[in-house]
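**Q** What follows is a structure written as structure tokens; I'll ask about it next.
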Amino acid sequence: MDTKEKLDAFQDRIDRGEKIEPKDWMPERYRQQLIRMISQHAHSEIVGMLPEGNWIPRAPSLKRKMVLLAKVQDEAGHGLYLYSATETLGARRQDVVEDYIYGNAKYSSIFNYPTLTYADICVIGWLVDGAAIVNQTMLAKSSYGPYARANLRICREESFHKKQGYEMLAKMASGTDEQKKMAQDAVNRWWWPTLMMFGPPDSDSPNSAELIKWGVKTKTNDELRQSYVDRMVMEAEVIDIKLPDPDLKYNKKTGHWEFGEIPWDEFWAVVKGNGPMNRERIKARKNAYEDGEWVREAAIAYARKQKLKEGKAS
Ligand code: BYC
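Sequential numbering of the sequence shown, starting at 1494, is according to the numbering used here.
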């Protein structure tokens, strides 16, 4: 039972900066919030393989193909660490996966946009992985040990993902007029959706206060979004890319870049399943899950057989 005494002792541990580990006592609500957030994060990593995977067969060179293959495989790995982290909280992997494929579990809005040209692959690396690093560096300090450690490792890999995207985009942005146009067009389409990745404004974020109190999040959605904008403005300038926001302006007093109104109606439409690619993404995941049934059955049969063999040997 979540008695006041237990809750206070738990809060003291959080306030002292201690990590909470799987076998420690935790409030039921803390456990549920973590399962919600970590499973959404895992689904995002897995569905996030689709927009980029789409371009593996059409990568412009062997080197680019190898880099993209490695990146997409890394995303699969991130999904797996994160699903494992939900299991440390008592969730069953099958339930969380099915809640997303057949139910209403969320995943990041960003992966419901199409990748129209190869420049989109450069921009996903730079902007999307760039946003993920800002968010996940904060989550690497999360109060829940397994989630913090998973994010630490994920961030190291995301940092390579971002660099390869930025390097490709820089090359494209300094190429022929046609290449420059492609690069700019991709940035124009992805800029606002990447700002939405950080979640709704703090005034409209029902989970933030509780997650911050428990040290799961250590910064708010708006704080992270602002540090992302400040960083990206500089990086865009270096490679001669324009960010598509006429209201971007530096505020000397605050030391931050002010930006225009984010189209929140579009964000909520995407979150509710009505983005340009929502249906296609879910359909692809559903097909993969159902086509993979025989693999899961074979793995279970093999594990049973091994156990029997071990039993006979001992
Ligand atoms: N998209 O109270 P709020 C990657 C939902 S993948 C969809 O602020 P919270 C990569 C939110 O779930 C990395 N839904 O929530 C992979 C909540 O609904 P529920 C993806 C969103 O939890 C491949 C409601 O809106 N990163 O890097 O305090 C290739 C109210 O929001 C979104 C993560 O998943 C959204 N953008 O904060 C390349 C990070 N935003 O659940 C790259 C982990 C909000 O109450 N998650 N909602 O029904 C988080 O950091 C936080 O959960 C969020 C939201 C900042 C996303």
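Cβ atoms here follow ideal geometry from the backbone N, Cα and C, with glycine treated the same way. Nothing here was measured: the structure is a model prediction, and the numbers come from that model.
Does the stretch 1586-1601 come within contact of the stretch 1498-1512, defined as at least 3 CB pairs closer than 8 Å?
**A** In short, these stretches do not touch, since the Cβ pair count stays below three.
**Q** List, from N- to C-terminal side, the beta strand (DSSP E) runs of 3 residues or more that fit wholly inside the stretch 1638-1663.
**A** You should have found no qualifying run.
**Q** Taking its Cβ as the centre, do 16 or more other Cβ atoms sit within 10 Å of T1669, making it buried, or is it exposed?
**A** Per the 10 Å Cβ criterion, exposed.
**Q** Roughly how far, in whole angstroms, is the beta-carbon of P1544 from the beta-carbon of F1604, given that I think they are within contact range, below 8 Å?
**A** P1544 to F1604, Cβ: 6 Å. Contact.
**Q** Check the Cβ-Cβ distances between R1529 and every residue of chain D, and say whether any is below 8 Å.
**A** Within the model displayed, chain D is absent; a lone protein chain is all it includes.
**Q** Using beta-carbon positions only, say whether Q1600 and L1527 come within less than 8 Å of one another.
**A** According to the sequence provided, residue 1600 is Tyr. The question's Gln does not apply to it. No, they are not a contact pair.
**Q** Using the Cα positions of L1801 and D1697, report the straight-line distance between them to the nearest angstrom.
**A** Cα to Cα, L1801 sits roughly 54 Å from D1697.
**Q** Which residues bound the beta strand (DSSP E) around K1742?
**A** Run containing K1742: 1742-1744, per the beta strand (DSSP E) assignment.
**Q** According to the neighbour-count rule (16 or more other Cβ atoms, all chains shown, within 10 Å of its Cβ), is W1757 buried or exposed?
**A** Burial call: exposed.
**Q** For V1565 and G1546, I'd like the C-alpha separation in whole angstroms.
**A** Distance between the alpha carbons of V1565 and G1546 is about 7 Å.
**Q** Which of the three DSSP states, helix, strand or coil, is assigned to W1707?
**A** The answer is coil: DSSP assigns W1707 none of H, G, I, E or B.
**Q** Check whether the Cβ of A1563 sits closer than 7 Å to any heavy atom of ligand 1, and report yes or no.
**A** Every heavy atom of ligand 1 is 7 Å or more from the Cβ of A1563, so no.
**Q** Which residue marks the beginning of the alpha helix (DSSP H) containing E1803, and which one marks its end?
**A** Taken as a continuous stretch (DSSP letters only), the alpha helix (DSSP H) holding E1803 covers 1786-1806.
**Q** Report yes if the CB atom of N1681 is closer than 8 Å to the CB atom of S1701, and no otherwise.
**A** Going by C-beta atoms, N1681 is not nearer than 8 Å to S1701.
**Q** What I want to know is whether the C-beta of G1708 ends up closer than 7 Å to one or more non-hydrogen atoms of ligand 1.
**A** No; taking the cut-off as 7 Å, the Cβ of G1708 has no heavy atom of ligand 1 nearer than that.
**Q** Using the C-alpha atoms, what's the distance from M1690 back to W1684?
**A** Their Cα atoms are separated by approximately 10 Å.
**Q** Let me check you understand the geometry: is the CB of K1765 closer than 7 Å to at least one non-hydrogen atom of ligand 1?
**A** Because no heavy atom of ligand 1 lies under 7 Å away, the Cβ of K1765 does not count as near it: no.
**Q** Use the C-beta contact count for K1655: other C-beta atoms within 10 angstroms, 16 or more gives buried, fewer gives exposed.
**A** So K1655 counts as buried.
**Q** Contact check, L1662 vs W1619 under 8 Å by CB: the rounded distance?
**A** That pair is a contact at about 5 Å.
**Q** According to DSSP, is W1518 helix, strand or coil?
**A** Coil, per DSSP.
**Q** Flag this pair as yes or no: are the beta carbons of A1643 and L1575 separated by less than 8 Å?
**A** Yes, the pair counts as a contact, with Cβ atoms nearer than the cut-off.
**Q** Residues in the same chain with beta-carbon distance under 7 Å from D1622, minus the five sequence neighbours each way, listed in chain order, please.
**A** Hits under 7 Å: E1651, H1654, K1655, G1658.
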